[in-house]
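Undergrad: Below: one structure in structure tokens.
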Amino acid sequence: MAVNGTITTAGAAYLSQRISAMATVTIDHFVMANVPGIDESTEADQDFVLDEDHIVATVPIYRLSHNGENSVVYSMVLDGNEGDYDFNWYGLVTNTGVILAFAHIPTVAKRAAVGQVINRNFILPFSAAKSLTGADIPSESWQFDFTETIAEVTVSLLGPTYVYLGSSNVYEFTDWDDFSDYSVSCDVGVVTLENGRLTLDIPNDTTAGECLLTVIRNGSTRIIVIRIGDPIVAKPILIAPVHNAPNIVERPTLTSSPFKTFPSNVDTHLSTDWELYDANDNLVFSSYNDTANKVYLKLNEGVLVQGGVAINGV
Numbered sequence: 005m006a007v008n009g010t011i012t013t014a015g016a017a018y019l020s021q022r023i024s025a026m027a028t029v030t031i032d033h034f035v036m037a038n039v040p041g042i043d044e045s046t047e048a049d050q051d052f053v054l055d056e057d058h059i060v061a062t063v064p065i066y067r068l069s070h071n072g073e074n075s076v077v078y079s080m081v082l083d084g085n086e087g088d089y090d091f092n093w094y095g096l097v098t099n100t101g102v103i104l105a106f107a108h109i110p111t112v113a114k115r116a117a118v119g120q121v122i123n124r125n126f127i128l129p130f131s132a133a134k135s136l137t138g139a140d141i142p143s144e145s146w147q148f149d150f151t152e153t154i155a156e157v158t159v160s161l162l163g164p165t166y167v168y169l170g171s172s173n174v175y176e177f178t179d180w181d182d183f184s185d186y187s188v189s190c191d192v193g194v195v196t197l198e199n200g201r202l203t204l205d206i207p208n209d210t211t212a213g214e215c216l217l218t219v220i221r222n223g224s225t226r227i228i229v230i231r232i233g234d235p236i237v238a239k240p241i242l243i244a245p246v247h248n249a250p251n252i253v254e255r256p257t258l259t260s261s262p263f264k265t266f267p268s269n270v271d272t273h274l275s276t277d278w279e280l281y282d283a284n285d286n287l288v289f290s291s292y293n294d295t296a297n298k299v300y301l302k303l304n305e306g307v308l309v310q311g312g313v314a315i316n317g318v
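Numbering of the sequence shown is given in the working numbering, commencing with residue 5 and proceeding in unit increments.
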């Protein structure tokens, strides 16, 4: 991943003071921002001032390691609950609130509840870095074995986790890499991959259950479980009059929620059954297979008496 980063002027002053005093360097957290007008090719300015309005998240340090005596690596992990936000800038912040260093990166779309986990590392070189930060773990000791795990979990898709029989479903890679090798397969339906977009087609004759979607990137595998169900029609809801509303007019217009299916347009609204009950659960009005009044129905005179109460019954 291409980046453009730098130690800030304030960060350099902080490091100079800490190094001359041989005092501890403490990085408190990462900060992520979505800064307009920059990308990974934008030259990083040491005097850049971050607008607080552009900050989208702060994340604690996940791990600290060293690359020898004069270089340390700070790592963060954005788990599956983090989101929703985009960021193209991230930096290291000291315990005194100084942005010590930052980098411009390609825009990352972080979305919650889609199984997306993101790892980022920031290599920070300065004199006596190992001893001043207390980084006692060599980065090779965990990064070598951790690479495959990270390669697996950062294969992340943005798309539905519940699909329907006869549906075509599109998933976007949120961490697509043009320089990586990908292959995809599934145990139900047909899956295709093109330009960072994955399409999963589920046949009509499929049995409801699960689809195991397998994505392999550079030899690392991730298996994503996609639930499969029958298309459904949403249960209608009486919108007006409001449930248990007092003092309604003698001839109210009953209004139901719009006809809706999941997925969209898999069924047609042909007719509506209307029922109206009084406060004692007695049926006082009904109209079945009504093709003329599918969403709205104005009651006739005499159906309700003064002071009557409307009860849900679409």
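Heads up, the beta-carbon is just placed ideally off N, CA and C, and yes, glycines get one too.
Note that the coordinates shown come from a computational prediction; the quantities given were computed from them, not determined experimentally.
Between the Cα of GLU86 and those of ILE59, GLN120, GLN21 and ASN92, spot the shortest distance and give me the residue it belongs to.
TA: The option with the nearest alpha carbon to GLU86 is GLN120.
Undergrad: Would you report the Cα separation of THR259 and ASP185, rounded to the nearest angstrom?
TA: Their Cα atoms are separated by approximately 54 Å.
Undergrad: Quick one: residues in its chain with C-beta nearer than 7 Å to the C-beta of LYS302, no 5 flanking neighbours on either side, listed in chain order?
TA: For LYS302, where only same-chain residues beyond five positions count, the Cβ hits under 7 Å are ARG255 and THR257.
Undergrad: DSSP beta-bridge partners for VAL222?
TA: Checking the sequence, you will find Asn at residue 222 rather than Val. Beta-bridge pairing links ASN222 to no other residue.
Undergrad: One question on the structure: do TYR74 and PRO129 come within less than 8 Å of each other, judged by their Cβ atoms?
TA: Sequence inspection shows Asn at residue 74; the Tyr mentioned does not correspond to that position. Yes. Within cutoff.
Undergrad: Can you have a look at THR13 and say buried or exposed, based on whether 16 or more other CB atoms are within 10 angstroms of its CB?
TA: Counting Cβ neighbours within 10 Å, THR13 comes out exposed, since fewer than 16 surround it.
Undergrad: Pick helix, strand or coil for HIS58, following the three-state DSSP scheme.
TA: If DSSP states are grouped into helix, strand and coil, HIS58 belongs with the helices.
Undergrad: Taking all protein chains shown into account, decide if PRO64 is buried (16 or more other Cβ within 10 angstroms of its Cβ) or exposed.
TA: PRO64 should be labelled exposed.
Undergrad: Whole angstroms is fine: what's the gap from SER20's alpha carbon to VAL102's?
TA: The alpha-carbon atoms of SER20 and VAL102 are separated by roughly 13 Å.
Undergrad: Take ALA48 and list the residues in its own chain whose beta-carbon comes closer than 8 Å to its own, dropping the five residues that flank it on each side.
TA: These residues qualify, in order along the chain: ASN8, GLY9, THR10, PHE106, ALA107 and HIS108.
Undergrad: Whole angstroms are fine: how far does the CA of VAL288 sit from the CA of ILE232?
TA: Taking the straight line from one Cα to the other gives about 41 Å.
Undergrad: Can you say whether ASN92 is buried or exposed, counting buried as having 16 or more other CB atoms within 10 angstroms of its CB?
TA: By the 10 Å Cβ count, ASN92 comes out buried.
Undergrad: Please classify ALA17 as buried or exposed, where buried requires at least 16 neighbouring CB atoms within 10 angstroms.
TA: Classification of ALA17: exposed, given that the 10 Å Cβ count is below 16.
Undergrad: With DSSP as the reference, identify every bridge partner of ASP294, one or two as the case may be.
TA: DSSP lists THR276 as partners of ASP294.
Undergrad: So, with DSSP's three-state summary, where would you put GLY233?
TA: Residue state, collapsed to three classes: strand.
Undergrad: For ASP182, decide whether its Cβ has a neighbour in chain C, counting only Cβ atoms nearer than 8 Å.
TA: Here there is only one protein chain, and chain C is not present.
Undergrad: Quick check on the burial criterion: 16 or more other C-beta atoms within 10 angstroms. Buried or exposed for LYS239?
TA: Its Cβ having fewer than 16 others within 10 Å, LYS239 is exposed.
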